[in-house]
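Below is one structure; the comments refer to it alone.
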Amino acid sequence: MNLEGSLDAFGLPDVFALLASTGKSGGLLLRATGASPQVEGVVWFREGRVSGASSDRSRASLVRRVVGSGAVDDAALRQAVARAAGGGIGVARALLEAGAVEPELLRQAATDQTVDAVFDLLRWPAGEFGFDQAAVDVDDVGVSLDHARVLAEAQARSEAWAQLEALVPSRDSVLAVPVVLHHDPEVSRDEWALLALVDGRRRVRDLVELTGAGQFAVTTTLAHLVQRGLLHVRDASTPDHVGVVERRLALLAPVEGGEVGAHAPAQAEPVVPALPDREHPVPAPAAATLPPGPGAQGITAAAALAAARAAQGVSAPAGAGALARPAARREVVPPRPEPFLPGRRPEHPEPGEPGHAARAATGTGGAVSGTAVEGATARALSEPVAEAVPEGVIERDPGVNRSLLLRLIAGVRGL
Numbered sequence: 435m436n437l438e439g440s441l442d443a444f445g446l447p448d449v450f451a452l453l454a455s456t457g458k459s460g461g462l463l464l465r466a467t468g469a470s471p472q473v474e475g476v477v478w479f480r481e482g483r484v485s486g487a488s489s490d491r492s493r494a495s496l497v498r499r500v501v502g503s504g505a506v507d508d509a510a511l512r513q514a515v516a517r518a519a520g521g522g523i524g525v526a527r528a529l530l531e532a533g534a535v536e537p538e539l540l541r542q543a544a545t546d547q548t549v550d551a552v553f554d555l556l557r558w559p560a561g562e563f564g565f566d567q568a569a570v571d572v573d574d575v576g577v578s579l580d581h582a583r584v585l586a587e588a589q590a591r592s593e594a595w596a597q598l599e600a601l602v603p604s605r606d607s608v609l610a611v612p613v614v615l616h617h618d619p620e621v622s623r624d625e626w627a628l629l630a631l632v633d634g635r636r637r638v639r640d641l642v643e644l645t646g647a648g649q650f651a652v653t654t655t656l657a658h659l660v661q662r663g664l665l666h667v668r669d670a671s672t673p674d675h676v677g678v679v680e681r682r683l684a685l686l687a688p689v690e691g692g693e694v695g696a697h698a699p700a701q702a703e704p705v706v707p708a709l710p711d712r713e714h715p716v717p718a719p720a721a722a723t724l725p726p727g728p729g730a731q732g733i734t735a736a737a738a739l740a741a742a743r744a745a746q747g748v749s750a751p752a753g754a755g756a757l758a759r760p761a762a763r764r765e766v767v768p769p770r771p772e773p774f775l776p777g778r779r780p781e782h783p784e785p786g787e788p789g790h791a792a793r794a795a796t797g798t799g800g801a802v803s804g805t806a807v808e809g810a811t812a813r814a815l816s817e818p819v820a821e822a823v824p825e826g827v828i829e830r831d832p833g834v835n836r837s838l839l840l841r842l843i844a845g846v847r848g849l
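Here our numbering runs 434 ahead of the position in the sequence shown, where the first position is 1.
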């Protein structure tokens, strides 16, 4: 530090004049005393001319102004930030060197930023300064301003600030858009861009951060909008228009509720069919009891039909094989299986049977001749005795064919 002191002893205009007359290059570092948190600013000089300034070194004020104007996209900003993180260059200059922003637009933003910063520094109540010739501005974009011009514009803003504070009291003021206007509004593009950010909750300092346009520029625009009735400053006594309207609409509840005046026609409710009475339910129809079929004896209907045809000596018709093996039907099993009755003699035996021959040999009185009896006995001894038919197997007695067919038909119907 070759030059340092207190702003109480040396005013900022005097320091500027000294650095300009000596053609110094470097950074004039300033620190506000009594501020919490502590704030540091800087004014950059190049050969005695002002090349840039910031009233808060902790923030990238110039880049914020460019971003707030919408002059840079995400990809370019991301690349510039990555390059600046390596050191030796600032984000604004990285954008300029990458061609991501127009040079004239960036230089105009740097000029406005410099004047705004000097305006803020002039309003500091107390502070210290020191000049560092070795300091380098990493965001030097080629701006070169006469120090007298910068001070003149900054002092003009300081004089106008008192009028602005009458409309916008402080940086913590909250503004809102009135619901009812007494005339048709006319706004510029810059005013409309700021109106779009006013939501009744953001403070003036928040709007300055979002736009990046600087304290004086934002406050000036807000003050003009307040003066024309397009904005108003909210405080504890300011009624909420929405709350007032809702409270007044609530006063219409007795009228709209039907207590006063004619009744509004009630809308017909949809007819809902009544549910059936469940106290005496209708009994379900009883399941029909089917006669036991052939499946009750462990044999399918197809097998029983084949056995009956074999007993009668009748061949199966064509296509019966496909019908004899149903794939999707299940056997009908009655709850109580009933076995086939044991074989019995038919009441009218067919000719050729042993019983028929024995009865044919008897006389009219029922006596059997000795010759017939002996012949029958001889045939019975000469023929092998038939084995006992096991229970559950269909007999091949022709006398049971009719009963078997009746049961078979009943079983097939049960399927």
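Cβ atoms here follow ideal geometry from the backbone N, Cα and C, with glycine treated the same way.
- Query: Under the rule that 16 or more other beta-carbon atoms within 10 Å means buried, what is TRP626, buried or exposed?
  - Reply: On the sequence shown, residue 626 is found 192 positions in, with the first residue counted as 1. TRP626 should be labelled exposed.
- Message: Measuring only the C-alpha atoms, how far is LEU453 from ARG493?
- Response: Stepping through the sequence shown from its first residue, residue 453 is reached at position 19. Stepping through the sequence shown from its first residue, residue 493 is reached at position 59. Here the C-alpha atom of LEU453 lies approximately 25 Å from the C-alpha atom of ARG493.
- Message: Using the three-state DSSP reduction, which class does GLU625 fall into: helix, strand or coil?
- Response: Taking the sequence shown and counting its residues from 1, the one referred to as residue 625 is at position 191. It is helical.
- Return the CA-CA distance between PRO662 and ALA544, expressed in angstroms with no decimal places. For the purposes of this step, residue 662 is taken as residue 228 along the sequence shown, with counting starting at 1. For the purposes of this step, residue 544 is taken as residue 110 along the sequence shown, with counting starting at 1. Going by the sequence as given, residue 662 is Arg instead of Pro. The alpha-carbon atoms of ARG662 and ALA544 are separated by roughly 30 Å.
- Task: Taking the CB atoms as reference points, tell me whether GLN547 and GLY648 lie closer together than 8 Å.
- Result: In the sequence shown, residue 547 corresponds to position 113, counting from 1. In the sequence shown, residue 648 corresponds to position 214, counting from 1. Yes, these two residues count as a Cβ contact at 8 Å.
- Task: Taking 8 Å as the threshold, find out whether the region 492 to 509 comes into contact with the region 523 to 540 through three or more Cβ pairs.
- Result: Look at the beta carbons and you see the region 492 to 509 touching the region 523 to 540: at least three pairs across the two are nearer than 8 Å.
- Kindly identify the DSSP beta-bridge partner or partners of VAL667. Your numbering for residue 667 matches position 233 in the sequence shown. For VAL667, the beta-bridge partners assigned by DSSP are LEU609.
- Message: If the criterion is Cβ atoms closer than 8 Å, does the pair ASP502 and LEU644 meet it?
- Response: Locating residue 502 in the sequence shown gives position 68, counting from the first residue. Locating residue 644 in the sequence shown gives position 210, counting from the first residue. Correcting the residue identity first, residue 502 is Gly in this sequence and not Asp. Closer than 8 Å, so yes.
- Quick one: Cα of SER622 to Cα of ALA466, how far? The sequence position of residue 622 within the sequence shown is 188, counting from 1. The sequence position of residue 466 within the sequence shown is 32, counting from 1. Going from the Cα of SER622 to the Cα of ALA466 covers about 37 Å.
- Query: Using the rule of at least 16 other Cβ atoms within 10 Å of the residue's Cβ for burial, across every protein chain shown, is LEU628 buried or exposed?
  - Reply: Translated into positions along the sequence shown, residue 628 becomes position 194. Answer is buried; the Cβ neighbour count reaches 16.
- What is the DSSP secondary structure of ARG493, counted as helix, strand or coil? The residue given as residue 493 occupies position 59 in the sequence shown. Note: ARG493 maps to coil in three-state DSSP.
- Message: Output needed for ALA657: all residues of its chain with C-beta closer than 7 Å, excluding positions within five of it in sequence on either side, in chain order.
- Response: Counting from one through the sequence shown, the residue named residue 657 turns up at place 223. Excluding sequence neighbours, ALA657 sits near LEU598, LEU601 and VAL602.
- Task: Since I believe ARG639 is in contact with ASP606 (beta carbons under 8 Å), could you give me their beta-carbon distance rounded to a whole number of angstroms?
- Result: The residue given as residue 606 occupies position 172 in the sequence shown. The residue given as residue 639 occupies position 205 in the sequence shown. Their Cβ separation, rounded to whole angstroms, is 7 Å, which keeps ASP606 and ARG639 in contact under 8 Å.
- Alpha carbon of ALA687 to alpha carbon of VAL679, nearest angstrom: Taking the sequence shown and counting its residues from 1, one reaches residue 687 at position 253. Taking the sequence shown and counting its residues from 1, one reaches residue 679 at position 245. If you draw a straight line from the Cα of ALA687 to the Cα of VAL679, it comes to about 13 Å.
- Classification of ASP448 by the beta-carbon crowding that lies within 10 angstroms, buried from 16 upward: Here the question's residue 448 lines up with position 14 in the sequence shown. Answer is exposed; the Cβ neighbour count stays below 16.
- Item | Residue closest to ARG636, alpha-carbon to alpha-carbon, out of VAL611, ASP554, ARG527 and GLY845 | Within the sequence shown, the letter at position 202 stands for residue 636. Ranking the options by Cα distance to ARG636, first place goes to VAL611.
- So, using beta-carbon positions, are ALA528 and ALA518 closer together than 8 Å? Within the sequence shown, numbered from 1, the residue matching residue 528 stands at position 94. Within the sequence shown, numbered from 1, the residue matching residue 518 stands at position 84. Yes; because the gap between Cβ atoms is below 8 Å, this pair is in contact.
- Task: Could you tell me the distance, in whole angstroms, from the CA atom of ILE523 to the CA atom of GLN513?
- Result: As a first step, residue 523 must be located in the sequence shown, where it is residue number 89. As a first step, residue 513 must be located in the sequence shown, where it is residue number 79. Each residue's Cα considered, the two are about 13 Å apart.
- Reference SER592, options ASP633, VAL552 and GLU562, closest by Cα: As a working note, residue 592 is residue 158 in the sequence shown. Of the candidates ASP633, VAL552 and GLU562, the one whose C-alpha sits nearest the C-alpha of SER592 is VAL552.
- Task: Within the same chain, show all residues whose beta-carbon is closer than 6 Å to that of GLY445, passing over the 5 residues directly before and after it, in chain order.
- Result: Stepping through the sequence shown from its first residue, residue 445 is reached at position 11. Excluding the 5 residues flanking it on each side, GLY445 has no same chain C-beta neighbour closer than 6 Å.
- Task: Using 10 angstroms around the beta-carbon of THR456, count the other beta-carbons present and answer buried if the total reaches 16, otherwise exposed.
- Result: Within the sequence shown, the letter at position 22 stands for residue 456. Exposed is the call here.
- Query: If you scan the region 519 to 579 from start to end, which runs of the alpha helix (DSSP H) of 4 or more residues do you find wholly inside it?
  - Reply: Restricting attention to alpha helix (DSSP H) runs no shorter than 4 residues, the region 519 to 579 encloses them at 525 to 531 and 537 to 556, ordered along the chain.
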